[in-house]
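> In the numbering used here, the protein residues as written are 74 to 356. Backbone N, C-alpha and C fix where the C-beta goes; we use that ideal spot for every residue, glycine too. Just so you know, these numbers come straight off a predicted model, no measurement behind them.
Okay, here's the thing in structure tokens:
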């Protein structure tokens, strides 16, 4: 897919993996629509990239966890007369702790951003790509999508949805000129763990956002359906194929169990993965 001179829309673009998508796509000559809640960060990034690479950049400050936000974002792109050729659904966040102890409102927002916004954004922008006969949709999933996550039950389930959803649409659109691709990073050096309030979810050596995005763009170009950056992450993602579900739950649950260990522990964390809700990479 030709990127130079095309428009890419990136959600969660103000830091982490989203910011790296913006930087690397701009370097390849792509125009950008940058979306997150933090308008000041987006404006700063847009100014930097337009001066550095001579591309165009539009900034839209928005909380995509809110009902109707994706539709409003699509309409703003229409008003800007921007045709999106690449959609990067990157915004997302996580919660950690015993399910019943984590804020129900916060977990509802988690589903709205990680799942509903991805579905709505794809449904809104895909028809235009089909009319143009080309395009790409990249959904940021996670290694968390390959197995259930005790103590991060909602997050793991949302990422399993994103992975399944993307693979199904990859098949539907394989002969229609549209590429669908799921990026499934493992632990990545972003604000994810510090803001979610736990390091229990960090497994193994953290990758860099730069390398994760480099791997993703290369895999997209090669026509792959999904990619798990890092050999150890890939092996871990495939582990569920070789052990029982109960063994997998025991292994993952042991790593993610909140410190203190009791179901009555009130020291849980219900912060999102990102200081900017519309904004950060999910891993």
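1) So residue 115 and residue 86 are in contact, right, with Cβ under 8 Å, and what is the actual spacing, rounded?
2) For residue 228 and residue 219, I'd like the C-alpha separation in whole angstroms.
3) Take residue 184 as the anchor and find which of 207, 200, 171 and 226 has the nearest alpha-carbon.
4) Check residue 162 in the structure and name its three-state DSSP category.
5) Just verifying my parser: in three-state terms, what is the DSSP assignment at residue 93?
6) Cutting at 8 Å between CB atoms, please list the residues of its own chain near residue 157, excluding the five before and the five after it.
7) Starting from residue 203, trace the alpha helix (DSSP H) both ways and give me its first and last residue.
8) In or out: residue 76 buried (at least 16 other Cβ within 10 Å) or exposed?
9) Do residue 224 and residue 329 come within 8 Å of each other at the CB atom, strictly closer than that value?
10) Put residue 234 into one of helix, strand or coil per three-state DSSP.
11) Just to confirm, is the Cβ distance from residue 89 to residue 282 under 8 Å?
12) Assuming residue 239 and residue 214 form a contact by the criterion Cβ under 8 Å, report the distance between their Cβ atoms to the nearest whole angstrom.
13) DSSP state of residue 279, grouped into three classes?
14) Only counting the same chain, and skipping five residues up and downstream in sequence, which positions put a Cβ closer than 7 Å to that of residue 233?
15) Considering only DSSP beta bridges, list what residue 42 is partnered with.
Quick answer:
1) About 6 Å separates the two Cβ atoms, so the contact holds.
2) Straight-line Cα distance between these residues: approximately 12 Å.
3) 226
4) strand
5) If DSSP states are grouped into helix, strand and coil, residue 93 belongs with the helices.
6) 80, 81, 82, 106, 150, 198, 201, 202 and 208
7) 190-205
8) buried
9) yes
10) helix
11) It is a contact, given that the beta carbons lie within the stated cut-off.
12) 7 Å
13) Under the three-state reduction of DSSP output, residue 279 falls in the coil class, being neither helix nor strand.
14) 218
15) With the chain represented from 74 up to 356, any question about residue 42 goes unanswered, as that position is not in the structure.
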